[in-house]
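These notes concern the structure reproduced below.
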Amino acid sequence: MIFHRYHGLGNDYLVCHHSVAALLSNQQIKRVCDRHYGIGSDGLLIDNDGADIPSLRIINPDGSEAEKSGNGLRIYARYLFDIGRVTHKPFLVNTAGGQVRCEVTEDAHQVTVDMGQAKFSPAALPATVEGDEALALPLVAGGHNLSATLVSMGNPHCVIRVEKLDLDLVRQLGAEIETLAIFPKRTNVQFVQVIDRNTIRIGIWERGAGYTLASGSSSCAAASAMRKLGLVDDTVTVQMPGGELAISFSGDFQVNMRGPVQKIATVTLDSDCFRDMPG
Ligand SMILES: N[C@@H](CCC[C@H](N)C(=O)O)C(=O)O
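Numbering of the sequence shown is given in my numbering, commencing with residue -5 and proceeding in unit increments.
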């Protein structure tokens, strides 16, 4: 079984063809993503071919399925470029969270994705919160009084604005916020510090993955939330522990994201990896 390993700013994914994924149980996918007992990754990207338009499924390392992933899409786009299915011209990709437009630079190093529209309706996440929008919503976690803005990028995000980013607090409160009862499908979590009108700094806790070094949809959601609150302009650099993504807005919160992708390796999985697991 062949897997292709890539990362976008330290947010690392394994890519495999659907014919490989079909041979794996959900438990085995979790094992493949495990950093000690498997190859290790922040998730599995399944290339579903698609007749005209390539189609992507995204599996988190806990085995749950995500509707969309920003870095997952950028990595999938680069993989499609590497296998020769697309060129440097713009192309479409289908995900469970909607269709997006991708573009890979000729040198393959930078990938741009039009992530679609950021939505602020709690129903879109879903979140069981009254009202058409949830902006600067008071939220308590771990005894801390927080201010949360809810955003759907096709997948759910709870964006917490802080005066000073503390990554230890992200690790400490991430799981609790991810699983709050108001989020029936759980949520991704970002803590955001606004540096200036064109720069934000974020810490990320991903649904189904935990603390990660970077996240594309999180960057889009955090920038969108700060834009909605009137704190940033139409172009925003998002600084993360793994590096930076460039976010820009057009129209009614249409979000564009650009940043680097690197290939790490092509790996053959040994069946011995599953030897201790029930058959
Ligand atoms: N790392 C991703 C997000 C992956 C999906 C997420 N964990 C979810 O469950 O929604 C990104 O770059 O967007």
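No residue lacks a Cβ here, since even glycine has one placed at the ideal position from N, Cα and C. Here the structure is a predicted model, which means the values were calculated and not measured.
Looking at the DSSP output, Asn5 sits in a beta bridge with Gly2. Gln187 is the residue among Asp270, Gln187, Asp264, Ser13 whose C-alpha sits nearest the C-alpha of Thr231.
Taking all protein chains shown into account, Lys62 has 16 or more neighbouring C-beta atoms within 10 Å of its C-beta and is therefore buried. Gln248 is bridged by DSSP to Gln111, Ser244.
Excluding residues up to 5 positions away in sequence, Gly2, Leu3, His103, Gln104, Val105, Gly237 lie with their Cβ nearer than 8 angstroms to the Cβ of Pro254 in the same chain. Scanning its chain for C-beta atoms nearer than 8 angstroms, with the 5 sequence neighbours on each side dropped, one finds around Ala135 the residues Leu167, Glu170, Ile171, Leu174, in chain order.
In this structure, Leu67 lies away from Val26, with their beta-carbon atoms at least 8 angstroms apart. The C-beta distance from Phe(-3) to Val261 rounds to 5 angstroms, short enough to meet the 8 angstroms contact threshold. Per DSSP, reduced to three states, the secondary structure at His30 is coil, with no helix or strand assignment.
DSSP, reduced to helix, strand and coil, places Ala60 within a strand of the structure shown. Taking Ala217 as the centre and dropping the five residues before and after it, the same chain places the C-beta of Ile194, Val226, Val230, Val232, Ile241 closer than 7 angstroms to its C-beta, in chain order.
Every beta strand (DSSP E) of 3 residues or more that sits fully in the region 59 to 147 is shown, in chain order, as 85 to 89, 92 to 98, 104 to 111, 131 to 135, 138 to 146.
Distances between the C-beta of Ile194 and the heavy atoms of ligand 1 are all 7 angstroms or more. Collapsing the DSSP output to three states places Asp266 in a helix. Rounded to the nearest angstrom, the Cβ distance from Leu223 to Leu129 is 6 angstroms, consistent with a contact under 8 angstroms. In this structure Arg72 is in contact with Val98, their Cβ atoms being roughly 6 angstroms apart against a cut-off of 8 angstroms.
If you ignore the 5 residues before and after Ile23, its C-beta comes within less than 7 angstroms of the C-beta of Leu38, Ile53, Gly57, all in its own chain and listed in chain order. By the Cβ-count criterion, Ser265 is exposed, with fewer than 16 other Cβ atoms from all chains shown falling within 10 Å of its own Cβ. Val164: member of the alpha helix (DSSP H) spanning 161 to 172, first to last residue. Distance from the CA atom of Asp190 to the CA atom of Asp162, rounded to whole angstroms, is 23 angstroms. In this model, Asn5 and Pro235 are separated by some 10 angstroms (Cα to Cα).
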